[in-house]
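Protein chains: 2
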Amino acid sequence: MLQADQLKPLFDVFNLIQPLSFQVTEALKPLCQLRYFKKHEEIQAIGATCKTVYFVFSGAARIFYLKDGHEVTEYFAFENDLIIRAESLFTGNPSKKAIQALENSNVVAISSEALFRLFDQYPDLEKLFNKLVQRSYVETLKRLENLQFLTAEERYRKLLTDHPEIIQKIPLKYIASYLGITQVSLSRIRSSLR
Amino acid sequence: MLQADQLKPLFDVFNLIQPLSFQVTEALKPLCQLRYFKKHEEIQAIGATCKTVYFVFSGAARIFYLKDGHEVTEYFAFENDLIIRAESLFTGNPSKKAIQALENSNVVAISSEALFRLFDQYPDLEKLFNKLVQRSYVETLKRLENLQFLTAEERYRKLLTDHPEIIQKIPLKYIASYLGITQVSLSRIRSSLR
DNA sequence: AGATTCCTTTTACATATGTTAAAAAAATCA
DNA sequence: TGATTTTTTTAACATATGTAAAAGGAATCT
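In order, the protein sequence lines correspond to chains L and X.
So the first sequence is numbered by numbering that gives the first Met the number 0: it starts at 0 and just counts up by one.
So the second sequence is numbered by numbering that gives the first Met the number 0: it starts at 0 and just counts up by one.
What follows is the structure in structure tokens.
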């Protein structure tokens, strides 16, 4: 069971995005399940329909899918980051993507159905959720631009400056597919920068 | 000035996504400005902050930006499609992207500030807007996946099956940058498929 | 600690895509 | 219609990235 205020760091982040009243906060807390996953453990499997909204409480996670038998990483999430598989959550279709812990991680899991049921009663909660979605959307647009017209080396350099924590904490084989290139190619790029 | 029910086709689409009451519909109508743009005309310029939500009423439009002096097309919009530059609308930052008519087009323009002001009074209107954003987000995720791990030829084939209207109506030079390749490369791919 | 597995780099070669320039084809305009 | 401009294709060559296999290095497990 959750201890009082254990969730405070996450709720502090929420409040920066959308100020929440005491009532909203109290209504949301019971929906938050703190779950522990070991490094490499699967948080959600491929084929499951996304009915849970996750936040990384501590640790790190990724979303990936299989393409021709090998894994393609689509997204990395760190502390306080939202994890949803939007293409499933918003359509009700099963997701072809999995969520996996990259380190021993604590994750806050919220049932999307229970969350959405609170929206009519607490409009600010709906606004918070939608602002989080908007932020994810904007981030995805930026990644799209990068993939559309930067070279592999430019994308790697950009990741290095924009998200150094990814380079530091994540195995290169995951970063390669995230950048849309092979591991060999990434290795080549790295050695050319030395 | 708008004639009664001129907007009906667009509102029919809205109702499929989120049923709107008579009151909501009547509140939204006065915000809808029907504007005409000639082929190639600029709907919004680079550098402007996005404070308008557009829908294509008839015709077609695109979002593009400049990269090293040449245009990169990010998005095509056809009848009833939403056009927003999310990275500006949701952040308040000036957009580096322009919106341009690709044919003689009628466009419904809605002030985002006026629209957002209606949200507290009409929650279903907020829900409609957020569902439209969610759909755009999901579409963007699909494009990201394609750019991340399909070859140029696979991306072209996919566009051919998923959005034949783009191939039919849009100049190839715009399609090339949309696919993340040069015009020469696209031409080569097309001839190899013949 | 040693053995095993996993991750990263390197090499050699193949292929896809980019670049520049020119020709061909199509669209636009007076 | 004919002239002009724009778009698309083709050619030749350069470069980036992919593929497969092997070696080296690091992490993990008992």
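Every residue gets a Cβ at the ideal spot worked out from N, C-alpha and C, and that includes glycine.
Under 8 Å between beta-carbons, which chain L residues line up against residue i? List them in chain order, please.
| i | result |
| --- | --- |
| Gln141/X | Per the sequence shown, residue 141/X should be read as Lys rather than Gln. Those are Glu86, listed as they occur along chain L. |
| Gln133/X | Ala85, Phe89 and Val132 |
Which two residues bound the contiguous alpha helix (DSSP H) that contains residue i?
| i | result |
| --- | --- |
| Asn145/X | Pro122 to Phe148 |
| Gln167/L | Pro163 to Lys168 |
| Ser84/X | For the sequence presented, residue 84/X should be read as Arg rather than Ser. Arg84/X -> no alpha helix (DSSP H), and no H or E assigned at all. |
| Ser94/L | First-last for Ser94/L: undefined, no H or E at that position. |
| Ile62/L | No alpha helix (DSSP H) contains Ile62/L, which is instead part of the beta strand (DSSP E) from Ala60 to Lys66. |
| Glu102/L | Premise fails: Glu102/L is in no alpha helix (DSSP H) and is neither H nor E. |
| Thr24/X | Phe21 to Leu27 |
| Glu112/L | Ser111 to Arg116 |
| Arg189/L | Gln182 to Ser191 |
| Asn79/L | From DSSP, Asn79/L is part of no alpha helix (DSSP H); its letter is neither H nor E. |
| Pro8/X | Lys7 to Ile16 |
| Leu171/L | Leu171 to Tyr177 |
Check the Cβ of residue i against every Cβ in chain X and list those closer than 8 Å, keeping chain order.
| i | result |
| --- | --- |
| Thr90/L | Val137 |
Which chain X residues are close to residue i, counting only those with a beta carbon under 9 Å from its beta carbon?
| i | result |
| --- | --- |
| Pro122/L | Phe118, Asp119, Pro122 and Glu125 |
Could you list which residues in chain X have their beta carbon closer than 7 Å to that of residue i, in chain order?
| i | result |
| --- | --- |
| Gly179/L | Leu146, Gln147 and Phe148 |
| Asn129/L | Asn129 |
By the criterion of Cβ-Cβ separation under 9 Å, what are the contact partners of residue i in chain L?
| i | result |
| --- | --- |
| Val12/X | In chain order: nothing, as chain L lies at least about 17 Å away. |
Say the cut is 7 Å; is the CB of residue i nearer than that to a heavy atom of the ligand FAD?
| i | result |
| --- | --- |
| Lys50/L | With respect to the ligand FAD, the structure shown offers nothing to examine, as it has no ligands at all. |
Rounded C-beta distance between residue i and residue j? I'm assuming under 8 Å.
| i | j | result |
| --- | --- | --- |
| Lys194/X | Ile45/X | Limits of chain X in this structure are 0 at one end and 193 at the other, which puts residue 194/X out of reach. |
| Gln167/L | Ala175/L | Contact doesn't hold; Cβ gap of about 16 Å is too wide. |
| Leu101/X | Arg61/X | 6 Å |
| Thr90/L | Leu140/X | Not really, about 11 Å apart at Cβ, beyond 8 Å. |
| Asn79/L | Val12/L | 5 Å |
| Val107/X | Ile83/X | About 13 Å; that fails the 8 Å criterion. |
| Leu185/X | Leu192/X | Their Cβ separation, rounded to whole angstroms, is 11 Å, which puts Leu185/X and Leu192/X out of contact at 8 Å. |
| Leu88/L | Cys31/L | The Cβ separation is near 17 Å, so there is no contact. |
| Phe75/X | Ala85/X | Wrong, their Cβ atoms sit about 16 Å apart, outside the cutoff. |
| Leu27/L | Leu124/L | 6 Å |
| Leu81/X | Leu114/X | So it is not a contact: roughly 12 Å between Cβ atoms. |
| Phe63/X | Val71/X | 6 Å |
Counting C-beta neighbours from all protein chains within 10 Å, is the total for residue i 16 or more, i.e. buried, or is it exposed?
| i | result |
| --- | --- |
| Gln99/X | buried |
| Glu144/L | buried |
| Thr150/X | exposed |
| Asn92/X | exposed |
| Lys126/L | buried |
| Glu40/L | exposed |
| Tyr35/L | exposed |
| Arg116/L | exposed |
| Asn129/L | buried |
| Leu19/L | buried |
| Leu146/L | buried |
| Ser135/X | buried |
| Gln22/L | exposed |
Which two residues bound the contiguous beta strand (DSSP E) that contains residue i?
| i | result |
| --- | --- |
| Arg34/X | Gln32 to Phe36 |
| Ile45/X | Premise fails: Ile45/X is in no beta strand (DSSP E) and is neither H nor E. |
| Phe56/X | Thr51 to Ser57 |
| Phe75/X | His69 to Ala76 |
Residues of the segment 33-66 of chain X whose Cβ lies closer than 9 Å to any Cβ of chain L, in chain order: Tyr64 and Lys66
Using a Cβ cut-off of 8 Å, which residues of the segment 68-79 of chain X contact any Cβ in chain L, in chain order? Val71 and Glu73
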